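Here the structure is laid out as structure tokens; the discussion comes afterwards.
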Amino acid sequence: MEQNITLRFQPSGVISATTAISGCQRYRNILAVAVDVRRELLFFRRNLRFKKLSGTSSLELHSIPTMAAIGNRGTVTEASGFNADNDAQELRKAMKGAGTDEAAIIKILAHRTVAQRQRIKLAYKQAVGKDLPDDLSSELSGHFQSVVLGLLMPAPVYDAYELRTAMKGAGTEEACLIDILASRSNSEIKAINEVYKKEYGKTLEDAICGDTSGMFQRVLVSLLTAGRDESDKVDEAQAVKDAKEIFEAGEARWGTDEVKFLTVLCVRNRNHLLRVFEEYKKVSGREIEDSIKREMSGSLEDVFLAIVKCLRSKPAFFAERLYKSMKGLGTTDTVLIRIMVSRAEIDMLDIKEHFLKMYGKSLHSFIKGDTSGDYRKILLELCGGE
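For the sequence shown, position 16 matches number 17 in our numbering, and the numbering has no gaps at all.
Laid out in structure tokens, this is it:
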């Protein structure tokens with residue numbers, strides 16, 4: 002019989018604004034390189050708070066199944082013969098003495114479900130009297146550390162942390178807001194909202210309204226309400242009407258009535274919208290994605306495209322995001338890490354299939370060619386084989 006445990010996460014401390022500022026000064030030389038300013042700043046901000054959120058907190062979360070994976074199409078599945086006490090001891094051994102056994106850390110954490118990792122954290126604290134994330138944080142660094150600490154967070158905690166990081170400090174990583182809010186279900190968004198309020202002392206809506214503006218803000222707020230119809234009912238007459246109204250709000254007029262796009266794309270259920278997209282092509286002669294690209298720009302274009310792509314196929318959407326994070330010079334590691342950590346036990350098998358079909362190369366080979374060291378090793382374990 003499935004058992005449930007209630008987990009409490011105890012923050013190890015709050016990082017003051019002064020700490021963050023002095024940290025930024027230490028990284029002045031890196032930030033001076035124009036091409037890397039945004040990426041390095043986001044990465045630095047991320048690590049300032051990672052230690053706190055992946056540990057034990059007074060934050061009370063929903064009961065989490067003690068063993069099962071979140072989804073059934075992941076590369077990470079429930080480990081058979083799982084023993085949290087043994088894993089905790091192995092991790093302690095990997096960090097004891099001179100040097101760190103990164104291979105042992107990867108072997109355990111990349112092959113346990115999120116729920117199993119929570120049990121390992123509890124067992125570690127009972128046996129050692131310290132928080133596992135704190136010890137790992139002091140032993141590891143860089144992108145490898147980010148992946149490991151991300152794996153220790155339950156899904157809503159990780160999403161809330163990513164959203165907070167995307168909005169904290171100078172600038173906003175709009176791509177993170179879009180990736181998460183356009184792809185999560187109503188129940189997932191409600192859990193993120195709850196975690197965010199308890200952990201950061203303000204609502205996610207307030208945070209987003211303070212960091213974004215205009216119609217882009219309105220779309221994000223609409224998604225945050227978690228009010229999408231999740232039935233599978235298709236109203237044929239309404240689908241035809243919706244398609245016509247979207248066409249008349251965009252292609253058929255001078256200027257664009259973005260509110261009509263919001264009303265339809267953020268509220269209707271998936272099956273209904275797929276039917277709307279078919280009707281839209283009949284009316285306009287174009288795919289709705291093409292019309293969005295013609296009628297909108299910037300973050301508003303990006304969020305509407307993400308909504309449509311996630312409605313068509315979430316795995317295909319994430320495959321494209323992974324490809325774009327690695328193609329060309331440099332790697333957008335924040336995107337790569339976020340997707341690999343958050344989708345590993347949900348639909349990574351499907352993401353890999355779509356990646357191969359869309360780009361003619363395996364996700365495994367892309368990661369292998371674009372990363373290095375222990376960072377590469379743990380990502381490849383989360384990815385699974387070729």
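Beta carbons: idealized from backbone N, C-alpha and C, even for Gly.
Small disclaimer: the values here were computed from a predicted structure and weren't measured.
Next item on the list: With a 10 Å radius around its C-beta and 16 neighbouring C-beta atoms as the bar for buried, classify Gly75 as buried or exposed.
Entry: Stepping through the sequence shown from its first residue, residue 75 is reached at position 74. Looking at its Cβ environment, which holds 16 or more other Cβ atoms inside 10 Å, Gly75 is buried.
Checklist line | DSSP three-state assignment for Cys384, whether helix, strand or coil | finding: Position 383 of the sequence shown, counting from 1, holds the residue named residue 384. DSSP places Cys384 within a helical segment (H, G or I) once states are collapsed to three.
Item checked: Burial state of Glu259, where buried means 16 or more other Cβ atoms lie within 10 Å -> Locating residue 259 in the sequence shown gives position 258, where the first residue counts as 1. Around the beta carbon of Glu259, a 10 Å sphere encloses 16 or more other beta carbons of the protein chains shown; the residue is thus reported as buried.
Check: Arg269 and Asp233 look like a contact to me (Cβ under 8 Å); what is the Cβ gap, rounded to whole Å?
Finding: Numbered from 1 along the sequence shown, position 268 holds the residue referred to as residue 269. Numbered from 1 along the sequence shown, position 232 holds the residue referred to as residue 233. Not quite, the Cβ-Cβ distance comes to about 12 Å (not below 8 Å), so this is no contact.
Check: Closest to Ser326 by CA distance: which of Glu302, Ala240 and Ala176 is it?
Finding: As a working note, residue 326 is residue 325 in the sequence shown. The shortest C-alpha separation from Ser326 is found at Ala176.
Check: Skipping 5 residues on each side, what residues in its chain have a beta carbon closer than 6 Å to that of Asp351?
Finding: Counted from its first residue, the sequence shown places residue 351 at position 350. Within the same chain, Asp351 has close Cβ partners Arg74 and Pro316.
Next item on the list: Would you check if the distance between the CB atom of Asp180 and the CB atom of Arg339 is smaller than 9 Å?
Entry: Position 179 of the sequence shown, counted from the start, is the residue given in the question as residue 180. Position 338 of the sequence shown, counted from the start, is the residue given in the question as residue 339. It is a contact, given that the beta carbons lie within the stated cut-off.
Note to self: If you reduce the DSSP assignment to three classes, tell me which class Phe407 lands in.
What the structure shows: Residue 407 falls outside the range modelled here, since the chain spans only 2 to 387, and no answer is possible.
Next item on the list: Could you check what DSSP says for Ser184 in three-state terms: helix, strand or coil?
Entry: For the purposes of this step, residue 184 is taken as residue 183 along the sequence shown, with counting starting at 1. Here Ser184 sits in coil by DSSP.
Notebook entry, point to check: Lys203 by DSSP, collapsed to three states: which one?
Noted result: Translated into the one-based positions of the sequence shown, residue 203 becomes position 202. Looking at Lys203 - three-state DSSP - the assignment turns out to be coil, as it is neither helix nor strand.
Item checked: Contact between the segment 294-306 and the segment 268-286 (3+ Cβ pairs under 8 Å) -> no
Notebook entry, point to check: Can you name, in chain order, every residue of its own chain whose Cβ lies under 6 Å from the Cβ of Ile209, other than the five neighbours on each side?
Noted result: Here residue 209 is taken as the residue at index 208 of the sequence shown, counted from 1. Excluding residues within five positions, the ones whose Cβ falls inside 6 Å are Leu221.
Note to self: Within a Cβ cutoff of 8 Å, which residues of the same chain sit near Asn404, ignoring the five residues on either side of it in sequence?
What the structure shows: The first residue shown for the chain is 2 and the last is 387, placing residue 404 beyond what the model contains.
Check: Should the segment 158-173 be called in touch with the segment 120-131, which here means at least 3 C-beta pairs below 8 Å?
Finding: no
Item checked: Where the alpha helix (DSSP H) containing Glu288 begins and where it ends -> Reading the sequence shown from its first residue, position 287 is the one you call residue 288. Premise fails: Glu288 is in no alpha helix (DSSP H) and is neither H nor E.
Notebook entry, point to check: If Thr332 sits next to Asp371, beta carbons under 8 Å apart, how far is it from one beta carbon to the other, in whole angstroms?
Noted result: The count along the sequence shown starts at 1 and reaches residue 332 at position 331. The count along the sequence shown starts at 1 and reaches residue 371 at position 370. The Cβ separation is near 5 Å, so the contact holds.
Margin query: Less than 7 Å between C-beta atoms, sequence neighbours within five positions excluded: which residues of the same chain meet that for Cys311?
Written below: Mapped onto the sequence shown, residue 311 falls at position 310. Contacts found: Ala183, Ser184 and Phe318.
Checklist line | Proximal residues to Gln218 (C-beta, below 8 Å), its chain only, five neighbours per side dropped | finding: Looking up residue 218 in the sequence shown gives position 217. Excluding residues within five positions, the ones whose Cβ falls inside 8 Å are Ile209 and Cys210.
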